[in-house]
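Quick notes on the structure that follows.
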Amino acid sequence: MPTVVRSHAKINLGLGIGAPRSDGFHALATVYQTLELHDHLTVTAKPAAATVIRLTSNDERVPTDERNTAWKMVELALKMQQRAAEVEIHIEKRLPVQGGLGAGSANAVAALVGLEAELDGPGSQAAGMAQGFLSRRLEIAARVGSDVPLFLIGGTILGMDRGQEVYPLPDIEPVWCVVAAPNVGVSTPQAFRDWDELCAADGLTSEASTAKLNELSRAYASAFAGGIPRGNRQGAGSSGVPAEGGDLAGPQESALVRTGISSWIQNDFERVVFPQHPSLAEIKRLLAASGTPEAALHASLSGSGSALYGLYLTRGDAEAACERLRPVGVKSHLTRTLPRTAYWREMLSH
């Protein structure tokens with residue numbers, strides 16, 4: 036039987052970017068958060084004398100050759116394990132392509148999970164989280180892409196260096212999330228070039244940006260560790276997610292408010308992307324609805340965009356945000372943040 040894997044999206048709860056480095060990359064400090072929103076991957080694999088990979092998708096924009104991150108992940112994993120297999124992967128796209136939601140990177144990890152389940156049995160996932168094996172998986176993931184390792188952790192995650200250095204943070208209670216997917220193309224390489232020009236104009240040196248990002252990383256870690264007491268998960272079901280259609284029980288306050296982080300987190304990409312794409316700034320304003328009873332806990336660009344998101348305490352507030360986007364013709368997705376335990380429990384479809 037083929038293995039069906041949910042490939043979950045991520046958003047960035049804040050994203051600090053450093054000055055360009057000599058290796059051509061940029062150091063980052065960010066908090067990733069996985070969402071219930073997902074693609075579906077169907078993986079079939081069996082041992083073979085030589086590795087053969089076939090990849091298909093319902094979306095013609097998805098590469099179906101070695102350019103695809105899922106293809107790269109499977110090929111590299113088999114090579115590093117000195118195994119060969121005949122592998123078929125079908126990607127059923129639901130997430131925006133190149134939207135800042137990590138869709139391609141999530142597909143890569145989903146393909147790895149499916150491959151392991153096919154070749155080693157359904158119990159392979161628990162073994163895969165053992166420390167030694169996890170380190171090897173993270174090494175493979177980092178070689179495929181900077182955003183890939185976060186999907187081997189799930190939940191709320193601190194990302195450093197190029198984003199590939201990841202550390203689990205205490206999970207926030209699940210909150211409602213509206214993802215706006217405008218029909219706007221944002222070039223990540225161009226966004227970084229614009230950022231480099233901004234750094235030069237501001238006189239931000241590599242040393243100064245390193246200090247800035249180290250301080251930001253410490254602030255992220257401190258806020259989540261101090262503001263989210265152990266065992267404080269009011270209103271969550273056994274999966275850590277509120278019952279469908281329900282809102283959080285107990286005090287009507289989110290960890291994002293309790294930590295104080297929602298008052299200062301920001302995405303540096305907004306400084307260069309919004310001037311180039313003013314419509315995205317307007318979408319953020321609609322999501323935020325500042326000063327209204329339906330205001331977002333936080334609204335932001337995700338990654339370099341073009342997807343944006345708003346986080347809300349109640350489903351009613353989130354649905355109101357979807358309605359605000361409808362007249363301007365922006366497609367929206369209603370979802371929730373997904374804690375780590377639920378992320379792994381829900382990854383393999385049953």
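According to my numbering, the sequence shown is numbered sequentially starting from 36. For each residue, glycine too, the CB sits at the ideal point set by N, CA and C.
7 Å Cβ shell around Gln-68 - same chain, five flanking residues per side excluded: One-based indexing of the sequence shown puts residue 68 at position 33. Around Gln-68: Lys-45, Ile-46, Leu-48, Thr-191, Thr-372.
Please confirm whether Pro-131 and Ala-342 have their CB atoms less than 8 Å apart. What you label residue 131 is simply residue 96 of the sequence shown in a count that begins at 1. What you label residue 342 is simply residue 307 of the sequence shown in a count that begins at 1. In contact: Pro-131 and Ala-342 (Cβ atoms closer than 8 Å).
Among the residues of its own chain, which have a CB less than 7 Å from the CB of Gly-139, if the five just before and after it don't count? Here the question's residue 139 lines up with position 104 in the sequence shown. For Gly-139, where only same-chain residues beyond five positions count, the Cβ hits under 7 Å are Thr-104.
Give the DSSP-derived three-state secondary structure of Arg-41 in the structure shown. For this step, residue 41 is matched to residue 6 along the sequence shown. Three-state result, Arg-41: strand.
How is the beta strand (DSSP E) around Gln-68 delimited, first residue to last? For the purposes of this step, residue 68 is taken as the residue at position 33 of the sequence shown. Taken as a continuous stretch (DSSP letters only), the beta strand (DSSP E) holding Gln-68 covers 61-82.
Which first and last residues belong to the alpha helix (DSSP H) in which Asp-231 is found? Working through the sequence shown from its first residue, we reach residue 231 at position 196. 223-237 is the extent of the alpha helix (DSSP H) around Asp-231.
Relative to the C-alpha of Leu-346, which residue among Arg-228, Ala-141, Leu-322, Pro-362 is closest? Translated into positions along the sequence shown, residue 346 becomes position 311. Nearest of Arg-228, Ala-141, Leu-322, Pro-362 to Leu-346, Cα basis: Leu-322.
By the three-class DSSP mapping on this structure, what secondary structure does Met-36 have? Here residue 36 refers to the residue found at position 1 of the sequence shown. Coil, per DSSP.
For Tyr-257, count neighbouring C-beta atoms within 10 Å of its own C-beta (all shown protein chains included) and say buried if the count is 16 or more, exposed if not. Mapped onto the sequence shown, residue 257 falls at position 222. Checking the sequence, you will find Ser at residue 257 rather than Tyr. So Ser-257 counts as exposed.
Per DSSP, which residues does His-312 bridge with? Please list them. Within the sequence shown, residue 312 is the residue found at index 277, counting from 1. Answer by DSSP bridge pairing: none, since His-312 is not bridged.
Mapping DSSP to helix, strand and coil, what is Ala-216? Position 181 of the sequence shown, counted from the start, is the residue given in the question as residue 216. DSSP places Ala-216 within a strand segment (E or B) once states are collapsed to three.
With a CB to CB cut of under 8 Å and the five nearest residues on each side skipped, what residues in its chain are close to Arg-306? As a position in the sequence shown, residue 306 is number 271, starting the count at 1. Only residues of its own chain outside the window of five on either side were considered, and among them Trp-230, Leu-233 have a CB closer than 8 Å to the CB of Arg-306, listed in chain order.
Going along the chain, which residues of its own chain have a beta-carbon closer than 6 Å to the beta-carbon of Met-108, five neighbours each way excluded? By 1-based counting over the sequence shown, the position of residue 108 is 73. Here the set comprises Ala-143, Ala-146, Leu-147, Val-179.
Do you know how far the Cα of Gly-261 is from the Cα of Ala-290? Walking along the sequence shown from the start, residue 290 turns up at place 255. Walking along the sequence shown from the start, residue 261 turns up at place 226. The straight-line gap from Cα to Cα measures roughly 10 Å.
On the DSSP bridge assignment, give the partners of Asp-196 in chain order. For the purposes of this step, residue 196 is taken as the residue at position 161 of the sequence shown. Answer is Leu-63, bridged to Asp-196.
Mind checking Tyr-202: buried by the 16 CB within 10 Å criterion, or exposed? Start at 1 with the first residue of the sequence shown, and residue 202 comes out as number 167. By the neighbour-count rule (16 or more Cβ atoms within 10 Å), Tyr-202 is not buried but exposed.
Say the cut is 7 Å; is the CB of Lys-45 nearer than that to a heavy atom of the ligand ATP? Looking for the ligand ATP in the displayed structure turns up nothing, as the structure carries no ligands at all.
Given that a residue counts as buried once 16 or more other Cβ atoms are within 10 Å of its Cβ, and exposed if not, what is Leu-50? Within the sequence shown, numbered from 1, the residue matching residue 50 stands at position 15. Buried, by the Cβ-count rule.
State whether the stretch 361-377 contacts the stretch 63-81, with contact taken as three or more CB pairs (one from each stretch) at a distance under 8 Å. Touching, yes, given that three or more Cβ pairs across the two stretches are closer than 8 Å.
Does the separation of the CB atoms of Ser-337 and Leu-136 fall below 8 Å? Along the sequence shown, read from residue 1 onward, the residue named residue 337 stands at position 302. Along the sequence shown, read from residue 1 onward, the residue named residue 136 stands at position 101. Yes. Within cutoff.
Three or more C-beta pairs under 8 Å: does that hold for the stretch 234-246 against the stretch 52-68? yes
Within 10 angstroms of the Cβ of Asn-93, are there 16 or more other Cβ atoms? Answer buried if so, exposed if not. Position 58 of the sequence shown, counting from 1, holds the residue named residue 93. Of the other Cβ atoms in all chains shown, fewer than 16 fall within 10 Å of the Cβ of Asn-93; this residue is therefore exposed.
Give me the Cβ distance between Ala-176 and Phe-304, rounded to the nearest whole Å; I'm assuming they're in contact under 8 Å. Here residue 176 corresponds to residue number 141 of the sequence shown, with the count starting at 1. Here residue 304 corresponds to residue number 269 of the sequence shown, with the count starting at 1. Going by Cβ atoms, the distance from Ala-176 to Phe-304 rounds to 23 Å, so no, they are not a contact pair.
Which residues bound the beta strand (DSSP E) around Gly-351? Within the sequence shown, numbered from 1, the residue matching residue 351 stands at position 316. It is not in any beta strand (DSSP E) - Gly-351 instead sits in the alpha helix (DSSP H) that spans 350-360.
CB Ala-120 to CB Ala-80, shorter than 8 Å? Counting from one through the sequence shown, the residue named residue 120 turns up at place 85. Counting from one through the sequence shown, the residue named residue 80 turns up at place 45. Cβ atoms of Ala-120 and Ala-80: closer than 8 Å.
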